[in-house]
Amino acid sequence: MTKLTLASHPYLLGFDQLERLVERTAKSGNEGYPPYNIEQRGDNAYRITLAVAGFAEDDLSITVEDRQLVIRGKQGDTATDRVFLHRGIATRQFQRSFVLADGVDVAGAELENGLLHVDLTRVVPDSVVQTIKIQSSPAKSGKIQTAPADAEKIQAASADAETIQTGGESK
Numbered sequence: 001m002t003k004l005t006l007a008s009h010p011y012l013l014g015f016d017q018l019e020r021l022v023e024r025t026a027k028s029g030n031e032g033y034p035p036y037n038i039e040q041r042g043d044n045a046y047r048i049t050l051a052v053a054g055f056a057e058d059d060l061s062i063t064v065e066d067r068q069l070v071i072r073g074k075q076g077d078t079a080t081d082r083v084f085l086h087r088g089i090a091t092r093q094f095q096r097s098f099v100l101a102d103g104v105d106v107a108g109a110e111l112e113n114g115l116l117h118v119d120l121t122r123v124v125p126d127s128v129v130q131t132i133k134i135q136s137s138p139a140k141s142g143k144i145q146t147a148p149a150d151a152e153k154i155q156a157a158s159a160d161a162e163t164i165q166t167g168g169e170s171k
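Using full-length UniProt numbering, the first residue of the sequence shown is number 1, and each one after it goes up by one.
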């Protein structure tokens, strides 16, 4: 398979993060197992539900990596003394990934009757209003008015500059 590299083109500088996201999505290999639902439960609340029948709480892990929700399942060894005449219940390991939008956080998770519920909340930041004070320009006469303390500092600095230019000789 040929790999197309976006970041090598000179007009696409800075798109390496997008390329990594595309690669990560392509590698995830979502084959449809386990099946899942995504539902909106309010203005700022969502729920992802995965059908994970046969998995115990200890067999599942939920992590958030680089704004990507990753749910993994791996069952422990089952008893080897059982003989199956038909095995139709999937017990394979899985990994499901979901890219989270900015401001969406995982609120919690719950395993109930073979369904794993992952609750998400969207945090709406408070709008911050900042008032900027406008400074009036100096007097229209073209002269910059300085405070007496500032005038003394300016005179001292110019005297130091003269001393440096004359090599420390007094006039």
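Backbone N, C-alpha and C define an ideal beta-carbon position, used for all residues, glycine too.
All values reported here derive from a predicted model rather than from experimental measurement.
Check whether residue i and residue j have beta carbons under 8 angstroms apart
| i | j | result |
| --- | --- | --- |
| Tyr36 | Thr49 | yes |
| Arg122 | Asn44 | yes |
| Glu39 | Leu111 | no |
Euclidean distance between Cα positions of residue i and residue j
| i | j | result |
| --- | --- | --- |
| Val124 | Val118 | 19 angstroms |
| Asp59 | Gln130 | 49 angstroms |
| Glu65 | Pro138 | 54 angstroms |
| His86 | Gly103 | 46 angstroms |
| Lys133 | Val106 | 40 angstroms |
| Val52 | Ser127 | 40 angstroms |
Start-to-end residues for the beta strand (DSSP E) that takes in residue i
| i | result |
| --- | --- |
| His86 | Note, His86: premise wrong, no beta strand (DSSP E); not H, not E. |
| Glu57 | Element bounds for Glu57: n/a, residue is neither H nor E. |
| Arg72 | 68 to 73 |
| Leu120 | 115 to 122 |
Contact belief for residue i with residue j at Cβ below 8 angstroms, rounded distance in angstroms
| i | j | result |
| --- | --- | --- |
| Gly73 | Phe55 | 5 angstroms |
| Lys101 | Ile62 | The sequence shown places Ala at residue 101, not Lys. In fact, because the Cβ distance is near 18 angstroms, the residues do not count as touching under 8 angstroms. |
| Ala46 | Leu116 | Going by the sequence as given, residue 46 is Tyr instead of Ala. At roughly 14 angstroms, the Cβ-Cβ gap does not stay under 8 angstroms, so Tyr46 and Leu116 are not in contact. |
Residue-level contact to chain D via CB, residue i, 8 angstroms cutoff
| i | result |
| --- | --- |
| Asp66 | You won't find chain D in this structure, because it holds only one protein chain. |
**Report entry** Three or more C-beta pairs below 8 angstroms linking the stretch 54 to 71 and the stretch 94 to 103
**Finding:** Cβ pair count under 8 angstroms is three or more, so yes.
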